[in-house]
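> Residue numbers (this note's numbering): 346 to 500.
Take a look at this one; I'll ask things after.
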């Protein structure tokens with residue numbers, strides 16, 4: 346139940362408690378066709394307005410990652426705003442650069458997370474390599490709002 350607490354908070358309209366640090370991603374199960382939800386940490390803002398970058402801690406083995414690769418149409422809630430958009434895996438170089446930048450901004454969190462996943466990055470180059478490895482590392486995914494949703498998020 347404790348692991349579901351962030352999802353329950355978002356469902357109750359309390360996403361604002363997390364600011365822009367966490368988001369709730371709703372994706373469609375690739376087998377079931379049913380909506381699924383996961384709360385993810387925001388690694389970076391995207392280059393476009395209302396776009397966010399999240400990490401797949403278990404690379405392509407994450408269920409949510411497998412689902413968005415099969416069906417990239419998603420809904421994501423950040424704070425109190427909800428966007429309909431598309432999940433797009435970042436190119437390896439961009440993914441690596443952004444993960445290394447995240448580690449510079451949040452060194453303790455990044456180190457703890459990577460060690461819990463069995464990785465032992467020592468420096469920025471190690472984080473870049475992990476972010477660039479979509480099979481065994483921690484690749485990043487861009488969530489960007491659909492054109493008609495941009496600037497018109499649901500509150």
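All residues carry an ideal CB built from backbone N, CA and C; glycine is no exception.
None of these values were measured; they are calculated from a predicted model.
For residue 419, which option in 468, 392, 488 has the closest C-alpha, if you only look at C-alpha atoms?
Scanning 468, 392, 488 for the CA closest to the CA of residue 419 turns up 488.
> Relative to the C-alpha of residue 444, which residue among 397, 350, 389, 453 is closest?
389
> Would you identify the three-state DSSP class for residue 364, choosing helix, strand or coil?
coil
> Fully enclosed by the segment 415-483, which alpha helix (DSSP H) runs are 4 residues long or longer?
437-450, 452-461, 469-477
> How should residue 466 be labelled, buried or exposed, when 16 other C-beta atoms within 10 angstroms of its C-beta is the threshold for buried?
buried
> From the DSSP output, in three-state form, read off residue 383 for me.
In the structure shown, residue 383 adopts extended strand secondary structure according to DSSP, grouped into three states.
> Check whether the Cβ atoms of residue 400 and residue 437 sit closer than 8 Å, and answer yes or no.
Residue 437 sits away from residue 400, with the two beta carbons spaced by 8 Å or more.
> Taking residue 391 as the reference, give the member of 454, 461, 447 with the closest Cα.
447
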